[in-house]
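Quick notes on the structure that follows.
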Amino acid sequence: MDRRELARALSSADSITAPTRSFEPWCVLGVTGSPGVGKSCLVERIVSHWLDCGEKVAILAVDPSSPITGGALLGDRMRMASVDTGEDVFFRSIATRNVPGGLPSRLNRMVDLLVHEGWTKIIIETVGSGQSEIRIVAVADRLLLVEGPGRGDVIQAEKAGVMELADLIVVNKSDLAGADKVADEIRLSLNLSEGESADVLLCSAETGDGISDMVSAIDTLPNARGPSIARARERLLASHQENLISHPQFSDVLKGLSEGRLSIEEALSALHRG
Ligand SMILES: Nc1nc2c(ncn2[C@@H]2O[C@H](COP(=O)(O)OP(=O)(O)OP(=O)(O)O)[C@@H](O)[C@H]2O)c(=O)[nH]1
Ligand SMILES: [Mg+2]
Numbered sequence: 047m048d049r050r051e052l053a054r055a056l057s058s059a060d061s062i063t064a065p066t067r068s069f070e071p072w073c074v075l076g077v078t079g080s081p082g083v084g085k086s087c088l089v090e091r092i093v094s095h096w097l098d099c100g101e102k103v104a105i106l107a108v109d110p111s112s113p114i115t116g117g118a119l120l121g122d123r124m125r126m127a128s129v130d131t132g133e134d135v136f137f138r139s140i141a142t143r144n145v146p147g148g149l150p151s152r153l154n155r156m157v158d159l160l161v162h163e164g165w166t167k168i169i170i171e172t173v174g175s176g177q178s179e180i181r182i183v184a185v186a187d188r189l190l191l192v193e194g195p196g197r198g199d200v201i202q203a204e205k206a207g208v209m210e211l212a213d214l215i216v217v218n219k220s221d222l223a224g225a226d227k228v229a230d231e232i233r234l235s236l237n238l239s240e241g242e243s244a245d246v247l248l249c250s251a252e253t254g255d256g257i258s259d260m261v262s263a264i265d266t267l268p269n270a271r272g273p274s275i276a277r278a279r280e281r282l283l284a285s286h287q288e289n290l291i292s293h294p295q296f297s298d299v300l301k302g303l304s305e306g307r308l309s310i311e312e313a314l315s316a317l318h319r320g
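The opening residue of the sequence shown carries number 47 in the working numbering; numbering runs sequentially from there.
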C-alpha cells in the first residue's frame, strides 16, 4: 500500500480488515496533556529519536486543538522530516466529531492497519484529560502524560484519572520558571495514591534538555505496571459502550426510554439481546 492508499484506507476505518496486532513488542505510544503544554514539540523530538533507531513512525493526532500549534504545523514539520528520512514518517490528523462513542475502536483498527503495513511505532496525540480522551489513550500500549509549568491543571488531570493511567509523566518547558515546582507537586500527589506510581521527569522540547532520558524511559518501561489494569478497564468500557451504541435497536430503545415506554432495565436487556 502506498501512502495515498494508506491515507484512504485509514479514512474509511470501518472497513479496515487488518489482523489484530500482537502486543509484543509494544508499538503504540499515547501522548496526552492540556492544550499548549508542548505535546507536538515533544512528539517531534521522540519521532526523530526513533527514526535514528530505524523505526518507521506514524503519528495520529486526534482533534489537534489548534490548527497552528497542533495539526498543521506538526503535519508540515513531519512532512519535511520525512523528506530527509526516506518516507519513514506518516502523519494524519483525526477529527472526533461525528464519531459518537466510536473513536477508540476506530483508532484500534487504524493502528492494526498501520502495524500490518510495516509501521513500527505509532504515536497517538490527544488533547485534554476528560473521560473521552482517557478512552482514546487507553488504546495505547504506553502512555505519556505531559504537564507544563504554571498551568494549574495538574489537579484536573488527577481528577480525571489520567495520572492513574500514565506510565510516565513529563513536565515539559523545564527551561521556564516553575517547572521544578510542578514536578514536585505531581510527585507529592502520586505518593499519596496507592500502588506503584509513574516516574516524573523534567524536559524541554525547546532546548532538548532531558529528551534522551525521556525517550529511554519510554523505551524501557516495564510492561506489567499497575496502570495497565486501569487501561484495560477503559478499553473494556469503551468497547462495551460501542457495542451498545452500534446495536441495531439503539435508536428505537432510546426513543422508548424517552417516551417512558421502557424502563432502564428493559432498555438494557433489549440492547443485550441479538
Ligand atoms: N519555552 C518552551 N516552550 C515550549 C516548549 N515546548 C513547546 N513550547 C512551545 O509551546 C507552544 C505549544 O507547543 P505545542 O507542541 O504545539 O503544544 P501542544 O501541547 O501540542 O498543543 P495543542 O496540540 O494545541 O494542545 C509552542 O509555542 C511551542 O513553541 C519548551 O520546552 N519550552
Ligand atoms: Mg499538539
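Ideal Cβ positions, reconstructed from N, Cα and C, are used throughout, including at glycine.
Leaving out five residues on either side along the sequence, give the residues of the same chain with a beta carbon under 7 Å from the beta carbon of residue i.
i	result
K301	none
D298	none
T115	Residue confidence for T115 is low, a pLDDT of 47 falling below 50, so the modelled location carries little weight; the figure read from the coordinates is stated next. Excluding residues within five positions, the ones whose Cβ falls inside 7 Å are G82 and S86.
V261	I92 and H95
What distance in whole Å lies between the Cβ atoms of residue j and residue i, which are believed to be in contact at a cut-off of 8 Å?
i	j	result
T253	D221	5 Å
L190	A223	Contact doesn't hold; Cβ gap of about 23 Å is too wide.
A55	L153	Actually they are not in contact, since the Cβ atoms of A55 and L153 sit about 14 Å apart, beyond 8 Å.
L88	A251	5 Å
L283	R188	In fact, because the Cβ distance is near 20 Å, the residues do not count as touching under 8 Å.
G76	A186	3 Å
R155	I291	The pair is not a contact, with the Cβ atoms about 16 Å apart (cut-off 8 Å).
Which term fits residue i, buried or exposed, when burial requires 16 or more other beta carbons within 10 angstroms of its beta carbon?
i	result
C73	buried
S57	exposed
P195	buried
L214	buried
A141	exposed
D48	exposed
R50	exposed
I310	exposed
G256	buried
A278	exposed
E70	exposed
A53	exposed
E133	exposed
Any heavy atom of ligand 2 closer than 8 Å to the Cβ of residue i?
i	result
K219	no
V173	yes
A107	yes
S80	no
Spatial neighbours of residue i within its chain, please: C-beta separation below 6 Å, excluding the five flanking residues on both sides.
i	result
V217	E193, A225, V228, A229 and L248
E305	none
L236	S243
V246	I215, A229, I232 and R233
L308	G302
Confirm, please, whether the CB-CB distance from residue j to residue i is below 9 Å.
i	j	result
A107	P150	no
I170	V103	no
E210	A276	yes
E101	T166	yes
V135	I105	yes
Q287	L317	no
T78	V208	yes
Taking 8 Å as the limit between beta carbons, can you name the residues of its chain near residue i, skipping five residues before and five after?
i	result
H162	A64, P65 and R67
K219	V83, G84, G194, P195, A225, S250, A251 and E252
For residue i, is the beta carbon positioned less than 8 Å from some heavy atom of ligand 1?
i	result
G84	yes
L88	yes
A212	no
E231	no
L222	yes
E179	no
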